[in-house]
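Single-structure report; data block below.
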Amino acid sequence: MLAGALLLTACSHNSSLPPFTASGFAEDQGAVRIWRKDSGDNVHLLAVFSPWRSGDTTTREYRWQGDNLTLININVYSKPPVNIRARFDDRGDLSFMQRESDGEKQQLSNDQIDLYRYRADQIRQISDALRQGRVVLRQGAGMRWNRP
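According to the UniProt record's numbering, the stretch in the sequence shown is residues 1 to 148, in order.
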């Protein structure tokens, strides 16, 4: 009877993925930390790049509704700071875009928008893989990535 109860408990283990995850990875130039919230078929992702030595910290915020990217918001903490923002409608068509630096606003080229979309897809795929693999970021005195 006890063996049956243990087997039932093991089989009923919840293997669903959590709605909020913190993860990341190290690359040659610095660390990338990713915070992700899934709600229904909406995904909200925040990626922060912190350089090892020189360079600027960059935050990238992305939102998807289903498979459609709806928001790109990038902040480069340089001198002067740079903000890049693009919004897309539910069909994926561009509805707003702007690059702002030192109070000056500029439009983005189609090539720039395509590059930002490509990078959004890349970080989403990386986040999907880290989430599936249950790689999580443990922060504290020594930041490290763990896999249970």
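Cβ atoms here follow ideal geometry from the backbone N, Cα and C, with glycine treated the same way.
Under the DSSP assignment, Y62 falls in the beta strand (DSSP E) whose first and last residues are 58-65. Here P51 is bridged, per DSSP, to G30. If you draw a straight line from the Cα of D114 to the Cα of S16, it comes to about 33 Å. Of the candidates G103, M97, T57, the residue whose Cα lies closest to the Cα of D111 is M97. Counting the other CB atoms within 10 Å of its CB gives L94 a total below 16, which places it among the exposed residues.
When the alpha-carbon of G66 is set against those of R91, I74, I84, R87, the nearest one is in R91. In this structure, DSSP gives L130 a helical state, which the three-state scheme calls helix. Annotation: S78 is outside any beta strand (DSSP E) and is labelled neither H nor E by DSSP.
By the neighbour-count definition (other C-beta atoms within 10 Å, threshold 16), F88 is a buried residue.
Rounded to the nearest whole angstrom, the C-alpha separation of G24 and D128 is 11 Å.
The Cβ atoms of S54 and G30 do not sit closer than 7 Å to each other.
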